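Trainee: Residue numbers (the working numbering), protein chains in the order written: chain V, 1 to 364; chain U, 365 to 728.
#1: I need the DSSP call for residue 489 of chain U, collapsed to helix, strand or coil.
#2: Taking Cβ positions, are residue 413 of chain U and residue 392 of chain U nearer each other than 8 Å?
#3: Mind checking if residue 452 of chain U is an interface residue toward chain V, Cβ cutoff 8 Å exclusive?
#4: Using the C-alpha atoms, what's the distance from residue 330 of chain V back to residue 501 of chain U?
#5: Mind the definition here: the segment 383-390 of chain U touches the segment 410-425 of chain U only if three or more C-beta pairs lie below 8 Å; say whether that holds.
#6: Tell whether a beta-carbon distance below 8 Å holds between residue 681 of chain U and residue 644 of chain U.
#7: Quick one: which chain U residues come within Cβ less than 8 Å of residue 99 of chain V?
#8: Along chain U, which residues have their Cβ under 7 Å away from the Cβ of residue 120 of chain V?
#9: Could you tell me the alpha carbon to alpha carbon distance between residue 469 of chain U and residue 309 of chain V, rounded to whole angstroms?
#10: Measure the alpha-carbon distance for residue 319 of chain V versus residue 266 of chain V and round it to whole angstroms.
#11: How far does the alpha helix (DSSP H) with residue 46 of chain V in it extend, from its first residue to its last?
#12: Identify each residue in the segment 562-593 of chain U for which the Cβ-Cβ distance to at least one residue of chain V is less than 8 Å, and report them in chain order.
#13: Would residue 397 of chain U pass as an interface residue toward chain V - the criterion being a Cβ-Cβ separation below 8 Å?
#14: Is residue 692 of chain U close to chain V, meaning its C-beta is less than 8 Å from at least one C-beta of that chain?
#15: Can you have a look at residue 647 of chain U and say buried or exposed, based on whether 16 or more other CB atoms are within 10 angstroms of its CB?
#16: Using a cut-off of 7 Å between C-beta atoms, extract the partners of residue 354 of chain U located in chain V.
#17: Does the structure place the segment 561-580 of chain U close enough to the segment 600-617 of chain U that three or more beta carbon pairs sit under 8 Å?
#18: Checking 8 Å against the spacing of the C-beta atoms, do residue 45 of chain V and residue 203 of chain V come in under that value?
#19: How big is the Cα-Cα spacing for residue 365 of chain V and residue 490 of chain U?
#20: Return the residue from the list V:313, V:349, V:337 that minimises the CA-CA distance to residue 464 of chain U.
#21: I want to see whether chain V comes within less than 8 Å of residue 699 of chain U, judged by CB atoms only; does it?
#22: Would you list, in chain order, the members of the segment 306-332 of chain V that have their beta-carbon closer than 7 Å to a beta-carbon of chain U?
#23: Just to confirm before moving on: does the CB-CB distance between residue 13 of chain V and residue 70 of chain V stay below 8 Å?
#24: Using a Cβ cut-off of 8 Å, pull out every chain U residue sitting near residue 26 of chain V, in sequence order please.
#25: Using a Cβ-Cβ cut-off of 8 Å, state whether residue 234 of chain V counts as contacting chain U.
#26: Work out the CA separation of residue 443 of chain U and residue 477 of chain U for me, nearest whole Å.
#27: Using a C-beta to C-beta distance shorter than 7 Å, which residues of chain V count as neighbours of residue 412 of chain U?
#28: Residues of the segment 414-435 of chain U in Cβ contact with chain V at a cutoff of 7 Å, in chain order, please.
#29: Of all Cβ atoms in chain V, is any one closer than 8 Å to the Cβ of residue 497 of chain U?
#30: By a C-beta neighbour count over all protein chains shown, 10 Å radius and 16 as the cutoff for buried, is residue 343 of chain V buried or exposed?
#31: Flag this pair as yes or no: are the beta carbons of residue 302 of chain V and residue 326 of chain V separated by less than 8 Å?
#32: What does residue 538 of chain U reach in chain V if we use C-beta pairs closer than 9 Å?
#33: I'd like the span of the alpha helix (DSSP H) that includes residue 96 of chain V, first residue to last.
#34: So, using beta-carbon positions, are residue 462 of chain U and residue 95 of chain V closer together than 8 Å?
#35: Within 10 Å of its beta-carbon, does residue 348 of chain V have 16 or more other beta-carbons around it, so buried, or fewer, so exposed?
#36: For the beta strand (DSSP E) that contains residue 593 of chain U, what are its first and last residues?
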């Protein structure tokens, strides 16, 4: 906020609100000034918010009740305190809310200004909270480590029981979701993907009515939310009998996955980690079959910073730091035929990475 | 679009994309012009999108593959076709995306303009698709009716088995979620609320570690997603022994709920339906204990139009129409003591409403 010359920052993106305040409700905005953090919530959330924040060790956020809307309360506070440069989260605040807040802050200032009348201004900002969130603190790492171990046990213990010919993808997904809950997760982190046969070539297939058959490749991509934090794992198997073509794809992706893991260390560029996977697949003639990025950050959100992907003008390369946690998940997809994806979750350490998920690359 | 003088509309809100195109993926934007609808998706979704849209009866959306980003493809299409007034969904598009699209559309036009050089302009629009979505067509009504009946069976058959003293709120919620899935839902529509004892006075409590005890009021608020559509139901019970104070609250809310249902008919104002509930609670001296709106629309989203609430400058009253589906859910909350909420889902018909959920007001 000091760097951006801001007197205040309106934090409206929920995971950012939760990260800064500890409040996990589905409404509320945080008004952060240089000396205070206030959660503005309406009637429905005031009691829950006070209980949640008052019980938080080291918490310093106070609760402001919005008698009308959150934004009216925010505008009243900003005006009464004479705040001039007010940051908003440009990646998350909708145009409508921005325009309404701007108009409310301008208020009578919309009539011709006298010289020297200060007009509050909304300043679009990017990634102020996200950059802090990308580096996990020890308590967050402990939660993510525990979550990854629990998810790994689901993969090792439950998957071999669940993935059987004759079951539909949806049945497999439901059994997998139940195993995720039994493992202590609050809920699956996303709609579980069970993509069998030709469906395995759809990177974002869902689980449908197709029945698993002998010889099918099956992509199993599932995750869980544990104490608010998301972990995410993918393994691909082939139901017997195996084929040479599947083994070729599998070997290529496994090698790309290992190459990307080997490229992770403090200071490595996100694009270099991605390139390590991509280059390996190129050697197999499979570069064009890998159409997504190599990974994404994990935390309060399933997809957060850093993004491990090709260089892009909108998303320049950046160096990863100790404490970042992200997925490494190369894949290849041959439309109509087969797909393979292998995904683990890693923590960046000084000279490499700590693979938080502990699952054999080849499940069986 | 004709009314707003638009040459094109960028539909980016996912439920709106799904409603218009049938595509339910987690990325993609729809570029709607007066004669065409094109879904712009990246590599990962192209195959799935083509399969989904080509198999859709009556569908007219074609798929455009975004080789770089969705927005670059959208800008290229808009520029090559000379579109001038391009609507965006102001309630959903973030400031950052708006600013980037604006800059990309202006392109070299940011240098001094020659007279007559047309500059494409992004026009913030509100509720263009949402107003259409608020009125359900017969196929949607059939899905919502089926979903409400399935959710009702969960309430009638499973709840009495599940809600027992000694269990924690979280255990009750997990059992309820399992029953919702067994009833054929894709997933719960939101984090199930099981709020017992003093927690019942928190309108947005979640299910926690508190154990249900004799004499507890218990608010049970749960929902399911069925074939993409959301239904939502709340009942409040008191574990024996019952108390006079609970019966008083329960009677007040049940009467408010009945009064609101009686106020629903084609042409009724949303504010009048809300007022019917609020006025009843006022007679019980409980108006101040009812801090939320009376209901919300149901459809592809859990909370959509219409909003059944008090009049508000930001959300003026509007008449409800035949085919709208929404919740009716008055509640009272006495902090530290007890809360009661009763919620059903209704379909507006000409002279009244059809209550889609079929569950006794008093579960036992």
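Every residue gets a Cβ at the ideal spot worked out from N, C-alpha and C, and that includes glycine.
Computed from a predicted model, the values in this text were never measured in an experiment.
Mentor: Well, looking at it:
#1: In the structure shown, residue 489 of chain U falls within a strand segment according to DSSP collapsed to helix, strand and coil.
#2: It is a contact, given that the beta carbons lie within the stated cut-off.
#3: Residue 452 of chain U counts as touching chain V.
#4: Straight-line measurement puts the Cα of residue 330 of chain V at about 42 Å from the Cα of residue 501 of chain U.
#5: Output reads yes: the segment 410-425 of chain U touches the segment 383-390 of chain U.
#6: Taking 8 Å as the cut-off, the beta carbon of residue 681 of chain U is found no closer than this to the beta carbon of residue 644 of chain U.
#7: For residue 99 of chain V, the neighbours in chain U by C-beta distance under 8 Å run, in chain order, 454, 488.
#8: By Cβ distance, chain U contributes nothing, its closest Cβ being about 16 Å from residue 120 of chain V, past 7 Å.
#9: Each residue's alpha carbon lies about 26 Å from the other.
#10: Going by the C-alpha atoms only, they are around 7 Å apart.
#11: Where residue 46 of chain V is concerned, the enclosing alpha helix (DSSP H) stretches over 43-54.
#12: Result list: 565, 566, 567, 568, 569.
#13: Chain V contact via Cβ: absent.
#14: Not one chain V Cβ lies under 8 Å of residue 692 of chain U.
#15: Classified as exposed, residue 647 of chain U has fewer than 16 neighbouring CB atoms from the shown chains inside 10 Å of its CB.
#16: As displayed, chain U neither begins before 365 nor continues past 728, which places residue 354 of chain U out of reach and without an answer.
#17: Because the criterion of three Cβ pairs below 8 Å is met, the segment 600-617 of chain U and the segment 561-580 of chain U touch.
#18: Cβ atoms of residue 45 of chain V and residue 203 of chain V: not closer than 8 Å.
#19: Given a span of 1 to 364 for chain V in the structure shown, any question on residue 365 of chain V remains unanswerable.
#20: V:313 is the residue among V:313, V:349, V:337 whose C-alpha sits nearest the C-alpha of residue 464 of chain U.
#21: Under the 8 Å criterion on CB atoms, residue 699 of chain U is classed as interfacial with respect to chain V.
#22: Answer in chain order: 314.
#23: No, Cβ-Cβ distance for residue 13 of chain V and residue 70 of chain V is not below 8 Å.
#24: In chain order: 568.
#25: With its beta carbon at least 8 Å from every one in chain U, residue 234 of chain V lies outside the interface.
#26: Any answer about residue 477 of chain U is weak, because its pLDDT of 49 lies below 50 and its placement is not dependable; what the coordinates show is given next. Spanning the two alpha carbons is a distance of roughly 16 Å.
#27: Correct list: 202, 204, 205.
#28: Those residues of the segment 414-435 of chain U that come within reach of chain V (Cβ to Cβ, closer than 7 Å) are 433.
#29: So, not an interface residue.
#30: Residue 343 of chain V comes out buried.
#31: Taking 8 Å as the Cβ cut-off, residue 302 of chain V and residue 326 of chain V do not qualify as a contacting pair.
#32: Think of a sphere of 9 Å around the beta carbon of residue 538 of chain U: the chain V residues whose beta carbon falls inside it are 181, in chain order.
#33: For residue 96 of chain V, the uninterrupted alpha helix (DSSP H) run begins and ends at 95-106, by DSSP.
#34: Cβ atoms of residue 462 of chain U and residue 95 of chain V: closer than 8 Å.
#35: Burial is judged here by how many other beta carbons sit within 10 angstroms of a residue's own beta carbon; residue 348 of chain V has at least 16 and is buried.
#36: Per DSSP, residue 593 of chain U belongs to the beta strand (DSSP E) from 593-602.
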